[in-house]
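Protein chains in written order, with the working numbering: chain A, 37 to 144; chain B, 24 to 136.
Shown next, in structure tokens, is the structure this report addresses.
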Amino acid sequence: GIQVEQSPPDLILQEGANSTLRCNFSDSVNNLQWFHQNPWGQLINLFYIPSGTKQNGRLSATTVATERYSLLYISSSQTTDSGVYFCAGGYGNNRLAFGKGNQVVVIP
Amino acid sequence: EPEVTQTPSHQVTQMGQEVILRCVPISNHLYFYWYRQILGQKVEFLVSFYNNEISEKSEIFDDQFSVERPDGSNFTLKIRSTKLEDSAMYFCASEPWDYNEQFFGPGTRLTVL
């Protein structure tokens with residue numbers, strides 16, 4: 037199966053700071069999604085981004101499919117951005133392979 | 024906005040008991056999935072389902088697991104004889120016919136005692 041590496045595993049941010057999370061894939065994927073897992077364990081869809089760049093408010097994501105990586109940018113971070121961010125790539129019949137996540141803590 | 028729903032939100036069971044986890048995918052979606060997440064670990068694929076049959080399954084999805092779409096709206100995961108190591112959050116996901124973004128339900132937290 038496909039291996040997904042996320043970095044950094046843990047990140048502590050001062051409120052208002054910017055950050056970049058990275059996701060590398062061991063092989064090509066036909067789908068790429070970013071999720072935020074909230075404190076209740078729910079997986080919230082952030083981006084569906086098999087290639088290119090998308091923006092949604094203070095979040096944006098870029099996927100370079102040919103180089104098998106994706107980046108998630110958080111700008112002007114807020115305490116509500118705290119949580120675990122997962123990237124996942126689809127392969128086969130679109131089964132998603134998840135990374136171990138980026139644990140983000142935003143402190144006021 | 025349509026969303027995937029799952030019931031129950033939390034299930035506690037004794038080892039060896041059967042459990043059925045229920046999901047209602049987004050209407051008009053055609054592809055359905057189950058994933059699980061053991062506490063503190065990454066999310067793992069279990070099984071995908073399309074056109075009333077399993078299209079792919081992982082090595083985790085052994086004979087104690089089964090899936091069913093008993094009617095036009097529900098999608099269920101059955102664990103026949105639960106083990107302690109089955110304790111996890113179980114997520115259902117569905118995907119539309121025309122692009123392959125998966126939408127996840129809120130999860131069922133299964134605790135096996």
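C-beta: ideal position from N, C-alpha, C; glycine also.
- The residues Phe55 and Val90, in chain order, have a CB closer than 6 Å to that of Phe72 (chain B) in the same chain once the five nearest residues on each side in sequence are set aside.
- For chain A, the residues of the segment 108-135 of chain B that bring a beta carbon within less than 9 Å of one of its beta carbons are Met112, Phe114, Ala116, Glu118, Tyr122, Asn123, Glu124, Gln125, Phe126, Phe127, Gly128, Pro129, Gly130 and Arg132, in chain order.
- With a beta-carbon spacing of about 6 Å, Gly119 (chain A) and Asn74 (chain A) fall inside the 8 Å limit used to define contacts.
- With fewer than 16 neighbouring CB atoms inside 10 Å of its own CB, Arg103 (chain B) falls in the exposed class.
- Secondary structure note for Lys106 (chain B): it is in no beta strand (DSSP E), with a DSSP letter that is neither H nor E.
- Leaving aside the five residues that flank Ala53 (chain A) on each side, the residues in its chain whose CB is nearer than 7 Å to its CB run, in chain order, Ser113.
- For Leu57 (chain A), no CB of chain B lies under 8 Å from its own CB, so it is not counted at the interface with that chain.
- Chain-ordered, the chain B residues with CB closer than 7 Å to the CB of Arg131 (chain A) read Phe68, Ser71 and Glu79.
- When DSSP states are grouped into helix, strand and coil, Ala101 (chain A) belongs to the helix group.
- Taking the Cα of Ser64 (chain A) as reference, the smallest distance to any Cα among A:Leu79, A:Gln78, A:Val100 and A:Leu108 is reached at A:Val100.
- Within the segment 44-66 of chain B, contact with chain A at the beta-carbon level (separation under 8 Å) is assigned to Tyr54, Tyr56, Tyr58, Gln60, Gln64, Lys65 and Val66.
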